[in-house]
Amino acid sequence: MQLEKIISISGKPGLFKLVSQLKNGFIIEDITTKKKASISNSSQVSLLDNIAMFTFDKEVPLFEVLENVAKKENYKATISHKSTDAELRTFMAEVLPDYDKDRVYVSDIKKLAQWYNLLEKAGYITPESFVKEESNEETEVEKPSIEKKEAKKTAPKKEKTVTPKVKSTSSAKSTAKSTHRKMG
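Written as structure tokens, this is what we have:
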């Protein structure tokens, strides 16, 4: 799942995807309606990728909690964020059994349920979205094959080509003038 570009904005309902950066803000897209808007740099933004939930032992990243909810619900919608406090606490105990009841408030559980349902509605909750990508490059770097080593030894060395950098005369003159002004 690509949580690093999904954000929550204080004062705005829903979740948004960062589309691009502007000089004084960002262009965002609502994940459910796909409507684009701009926000300023002064907006209070939380990246879902940086959010975690407290347990008695550690902090569990939101990605893992969402994965637990998805598996419990068979990748379908979960309970409403408008459920009773008791229902929400029961739900939380099922998806993260060792959550810290003193530090995880009902309002946090409501956000979790609401965000999960928004992500599910927008198509972000699928079995494929929780598959961790493994890099093949790391295993190749750690254990290079004998054939690759031999190929490197016998391969002819490539000659380096150097492309000279040429300055136009007008920029060279302006550079010389600006240097002269600084010194004089």
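Position 154 of the sequence shown, counting from 1, maps to 154 under the numbering used here, and the rest follow consecutively.
Cβ coordinates follow ideal geometry from the N, Cα and C atoms, glycine included.
To which residues of the same chain is Arg103 closer than 6 angstroms at the C-beta, ignoring the five residues directly before and after it?
Closer than 6 angstroms at the Cβ level, and outside the excluded window around Arg103, lie Phe54.
From the DSSP output, read off the bridge partner residues of Val69.
Val69 is not bridged to any residue.
Give the DSSP-derived three-state secondary structure of Thr154 in the structure shown.
Note on Thr154: pLDDT 45, under 50, position unreliable in the model; the coordinate value appears next. Reduced to three states, the DSSP call for Thr154 is helix.
First and last residue of the beta strand (DSSP E) that includes Glu128?
Taken as a continuous stretch (DSSP letters only), Glu128 belongs to no beta strand (DSSP E), as it is neither H nor E.
Considering Cα atoms alone, identify which of Asp57, Glu128 and Lys121 is closest to Leu96.
The candidate whose alpha carbon is nearest that of Leu96 is Asp57.
Pairing CB atoms from the region 31-51 with CB atoms from the region 111-125, are three or more of them under 8 angstroms?
The answer is yes - the region 111-125 touches the region 31-51, with three or more Cβ pairs under 8 angstroms.
Beta strand (DSSP E) containing Ser107: first to last residue?
No beta strand (DSSP E) contains Ser107, which is instead part of the alpha helix (DSSP H) from Val106 to Lys121.
Comparing alpha-carbon positions, which option in Lys111, Thr126 and Leu3 lies nearest Lys76?
Of Lys111, Thr126 and Leu3, the residue nearest in Cα terms is Thr126.
Would you identify the three-state DSSP class for Glu138, choosing helix, strand or coil?
Below a pLDDT of 50, predicted positions are generally treated as unreliable, and Glu138, at 43, falls in that range; the measurement from the model is reported next regardless. DSSP places Glu138 in helix when its eight states are reduced to three.
With Asp30 as the anchor, note down where its beta strand (DSSP E) starts and where it stops.
Here the beta strand (DSSP E) through Asp30 covers Gly25 to Asp30.
Buried or exposed for Leu22, going by 16 or more other Cβ atoms inside 10 Å?
That one is exposed.
Write down the C-beta distance between Leu3 and Asp49 rounded to the nearest angstrom, noting that I regard them as a contact closer than 8 angstroms.
With a Cβ gap of about 4 angstroms, Leu3 and Asp49 count as contacting.
Determine which residues share a DSSP beta bridge with Phe16 and list them.
According to DSSP, which records beta bridges pairwise, Phe16 is partnered with Ile7 and Asp30.
Assuming Thr78 and Asn117 are in contact, meaning their beta carbons sit under 8 angstroms apart, how far apart are those beta carbons, in whole angstroms?
Rounded, the Cβ-Cβ distance is 6 angstroms, consistent with contact.
When DSSP labels each residue in this structure, what does Phe54 get in the three-state scheme?
Reduced to three states, the DSSP call for Phe54 is strand.
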